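A.B. asks: Per UniProt numbering, the very first residue in the sequence shown carries number 1; after that it's consecutive.
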Amino acid sequence: MAIPSISGYPLSKAIPENRVNWSVDPQRAVLLIHDMQQYFLNFYDVESELIQTLTRNIQTIKQTCIDAGIPVVYTAQPGDQKQEDRALLTDFWGPGLKADDSITRIFPALAPTEQDIVYTKWRYSAFQRTPLKAMMDETGRDQLIIVGIYAHIGCLQTAAEAFMTDIQAFMVSDAVADFSESDHEMALNYVAGRCGYVLDKQQLLSQVESADELAAGDYSIPQSQQHLTQQLAALLEVPVDEMTPDDSLLDFGLDSVRMMSLVGDWQQAGLDVSFMELAAKPSLQDWWQLIEKKLT
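(1) For Gln38 versus Phe107, is the C-beta spacing smaller than 9 angstroms?
(2) On the three-state DSSP scale, how would you describe Asp80?
(3) Return yes when the Cβ of Ile149 is within less than 9 angstroms of the Cβ of Thr158, no when it is not.
(4) Go to Gln37, then tell me how far its alpha helix (DSSP H) extends in each direction, as first and last residue.
(5) How about Ala162 and Leu144: are their beta carbons less than 9 angstroms apart?
(6) Among Gln202, Ala169, Asp25, His152, which residue has its Cα nearest to the Cα of Glu185?
(7) Suppose only complete runs of 4+ residues qualify. What are the alpha helix (DSSP H) ranges in the region 59-114, listed by chain order?
(8) In whole angstroms, give me the CA-to-CA distance for Asp130 and Thr120.
(9) Whose CA, out of Val257, Ala14, Thr296, Pro282, lies closest to the CA of residue 322?
(10) Taking its Cβ as the centre, do 16 or more other Cβ atoms sit within 10 Å of Asp178, making it buried, or is it exposed?
(11) Helix, strand or coil for Ile223? Go by DSSP, reduced to three states.
(12) Alpha carbon to alpha carbon, how far is Ile103 from Leu87? Give it in angstroms, no decimals.
(13) Can you tell me which of the three DSSP states Ala175 falls into?
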């Protein structure tokens, strides 16, 4: 059975509820551009709004990752795979790609550069029979940002295997595409509920850019609770996923000196907040409620 012809559908702006509170750290992350080959894109109308939006979003994400020092990895399946290599994939999808550069190539608008890594892909998961895990171990990286196609097949299986090898997977909701809107949503729901973290392009860009600001010691006015969490985690030298919304920040090591420094940065940036207001209720949730009111 071959891949069916795929109709366009709108990329949903809805993000499923995540079970975890992870945040992308440029020092820990790798960007995976998954199977964006001409062969797979040809099952869509490549001029459709779906593919045009997908391509633009991946281009933007890739450039942001490059600017932040995040390595970029591509996967691409080879043409004319031997039966012993393709194995059970043939039962589900037929013989696969021909050895023709016009279809095995990465979609030209997303073509890799000499600085990017390209791994030959043999199975649904990008970890199977590739050096991806070894590369991440060697470079001390344990986060994987996933974009590309197809969301409910290779992207999902890669996220699941990442989870099983203690790698945090981030699936970008409007930078993956699928056979249908329902398949797309199923993939997002599975990742958010069972093996990773789902966010959209803008949330990803904000997390990466915020992390860069914090690395430079720039504590701007937080624009979301996630942004505030990142700032406090950086200030207190605590992993983001250990920051809990209701516990006292004093238990995480916040003292009056660091609180005054943070208040000073926020006041200088234009936020009307005082040391006493924050000291009265020193929890992440209470601080965000206070800041959010002052931003409106």
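Here a beta-carbon is modelled for each residue, glycine too, at the ideal position from N, C-alpha and C.
The model shown is predicted, which means the values in this text are computed figures rather than measured ones.
C.D. replies: According to the structure shown:
(1) yes
(2) coil
(3) no
(4) Note, Gln37: premise wrong, no alpha helix (DSSP H); not H, not E.
(5) Taking 9 angstroms as the cut-off, the Cβ atoms of Ala162 and Leu144 count as close.
(6) Of the listed residues, the one whose Cα sits closest to Glu185 is His152.
(7) Here the runs fully enclosed are 83-86, 89-93, 101-104.
(8) Asp is not the amino acid found at residue 130; the sequence shown has Thr there. Cα-Cα distance, rounded: 7 angstroms.
(9) Any question about residue 322 goes unanswered here, given that the chain covers just 1 to 296.
(10) buried
(11) This sequence places Gln at residue 223; Ile is not what is there. If DSSP states are grouped into helix, strand and coil, Gln223 belongs with coil.
(12) Note that residue 87 is Ala in the sequence shown, not Leu. Approximately 21 angstroms, taken between the alpha carbons.
(13) strand
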